Amino acid sequence: MARILLALSLLVAACSTSAVRAPADAAADLPDGDFRVLLFSRTTAFRHDSIPAAIAALTELGATGGYVAEATEDPAAFTTENLARFRVVVFLMTTGDPVDDAGQTAFESWIAAGGNWVGVHSAADTEYTWPFYGQLVGAYFKQHPAVQPAKVNIEVADHPATAGLPSPWMRTDEWYDFQTNPRATTTVLMTIDESSYTGGTMGADHPLVWEHPTGGGGRAIYTEMGHTTESYADPLFRQHLVGAIRWAGGL
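So, in structure tokens, the structure goes:
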């Protein structure tokens with residue numbers, strides 16, 4: 015009888031251990047070399063119609079990009095335990111103030127511990143009163159003219175986010191001006207030629223994509239592009255996004 019009770023207790027203990035998985039063990043569920051990416055697209059101001067297409071594209075691209083994406087608009091996802099499951103967090107066309115105070119604290123700690131961040135388009139139109147985020151994104155949105163074609167120039171051609179892209183790269187999007195020029199604090203990867211479209215106000219040096227190390231040893235990269243739904247079906251833009259995520263994830 016004692017042996018039967020011992021066996022039952024060991025079985026219960028084993029089941030309990032497998033059911034309650036520590037966040038650090040989550041990667042065991044992934045294919046070799048893959049990492050987990052959180053796609054966060056909550057908006058509390060303007061909302062882009064292209065968000066569903068963006069989520070679908072980045073989720074699909076993970077199959078060949080070396081990552082597994084989870085999408086959410088729930089600010090409760092920003093906890094210490096949950097963030098520990100991810101190597102990269104993507105602010106995917108967020109706007110306004112999508113992260114609450116508790117989430118901001120958890121996110122700052124995650125970045126300080128080596129977390130990596132990717133910002134897409136209106137990620138620069140987000141969290142204007144959170145100084146930590148302002149440093150992470152590199153520059154805040156100021157204004158934009160109408161959607162139109164323009165010429166994008168590649169400054170760093172051997173970066174994973176730019177490799178294989180044409181320069182100049184002619185594409186149609188919504189082109190932001192920024193409140194400041196991020197060149198002093200980041201590595202600029204692409205600029206836009208203001209002579210190729212109408213309404214730009216930053217002048218001859220108009221950064222569009224940039225990256226920088228974080229204080230915690232991680233990586234941050236921002237791309238201004240991605241306003242239009244059509245962007246997420248464009249093979250070159252999809253290549254750019256995957257390269258950015260892979261670079262942020264250390265691949």
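Quick note, our numbering runs 14 ahead of the 1-based positions in the sequence shown.
Where a beta carbon is used, it is the ideal one built from N, C-alpha and C, also for glycine.
Since the structure is predicted, the reported quantities are computational estimates derived from the model, not experimental observations.
Cut-off 7 Å between Cβ atoms - residues of its own chain near residue i, not counting five sequence neighbours on either side
{"i": "Asp111", "result": "Thr58 and Glu141"}
{"i": "Ala40", "result": "With a pLDDT of only 47 at Ala40, under 50, the local geometry of the prediction cannot be trusted, and the value read off the model is given with reservation. These residues qualify, in order along the chain: Arg50 and Arg99."}
Inter-residue CB distance, residue i and residue j (contact presumed, cutoff 8 Å)
{"i": "Thr199", "j": "Ala67", "result": "About 31 Å separates the two Cβ atoms, so there is no contact after all."}
{"i": "Ala138", "j": "Gly229", "result": "Contact doesn't hold; Cβ gap of about 20 Å is too wide."}
{"i": "Asp128", "j": "Ile259", "result": "Note that residue 128 is Gly in the sequence shown here, rather than Asp. Actually they are not in contact, since the Cβ atoms of Gly128 and Ile259 sit about 16 Å apart, beyond 8 Å."}
Residues near residue i in its chain [Cβ-Cβ closer than 6 Å; skip 5 each side]
{"i": "Gln173", "result": "In the sequence under discussion, the amino acid at residue 173 is His, which differs from the Gln named in the question. So the list reads Leu203, once near-sequence residues are dropped."}
{"i": "His135", "result": "Met107, Gly240 and His241"}
{"i": "Gly133", "result": "Phe105, Val151 and Tyr236"}
{"i": "Gln162", "result": "Tyr211"}
Residue environment, residue i, which counts as buried when at least 16 other CB atoms sit within 10 Å
{"i": "Val102", "result": "buried"}
{"i": "Ala164", "result": "buried"}
{"i": "Ala27", "result": "Bear in mind that the predicted position of Ala27 carries a pLDDT of just 35, short of 50, making it too unreliable to give a figure here."}
{"i": "Leu179", "result": "buried"}
Own chain partners of residue i with C-beta closer than 8 Å, once the 5 adjacent residues on each side are dropped
{"i": "His158", "result": "Glu188, Trp189, Tyr190, Asp191 and Gly213"}
{"i": "Thr73", "result": "Leu53, Ala83 and Ala85"}
{"i": "Ala218", "result": "Glu208"}
Three-way DSSP call (helix, strand, coil) for residue i in this model
{"i": "Asp43", "result": "helix"}
{"i": "Val151", "result": "helix"}
{"i": "His254", "result": "helix"}
{"i": "Pro37", "result": "Because Pro37 carries a pLDDT of 34, less than 50, the predicted location of this residue cannot be relied on, and the following value inherits that uncertainty. Looking at Pro37 - three-state DSSP - the assignment turns out to be helix."}
{"i": "Phe146", "result": "helix"}
{"i": "Pro112", "result": "coil"}
{"i": "Arg101", "result": "coil"}
{"i": "Gln118", "result": "helix"}
{"i": "Tyr190", "result": "coil"}
{"i": "Gly76", "result": "helix"}
{"i": "Asn96", "result": "helix"}
The ligand ATP heavy atom lying under 7 Å from the CB of residue i
{"i": "Gly217", "result": "With respect to the ligand ATP, the structure shown offers nothing to examine, as it has no ligands at all."}
Nearest-angstrom Cα separation, counted from residue j out to residue i
{"i": "Thr93", "j": "Ser209", "result": "45 Å"}
{"i": "Ala77", "j": "Gly257", "result": "14 Å"}
{"i": "Gly148", "j": "Trp224", "result": "14 Å"}
{"i": "Thr194", "j": "Tyr154", "result": "7 Å"}
{"i": "Gly231", "j": "Gln253", "result": "25 Å"}
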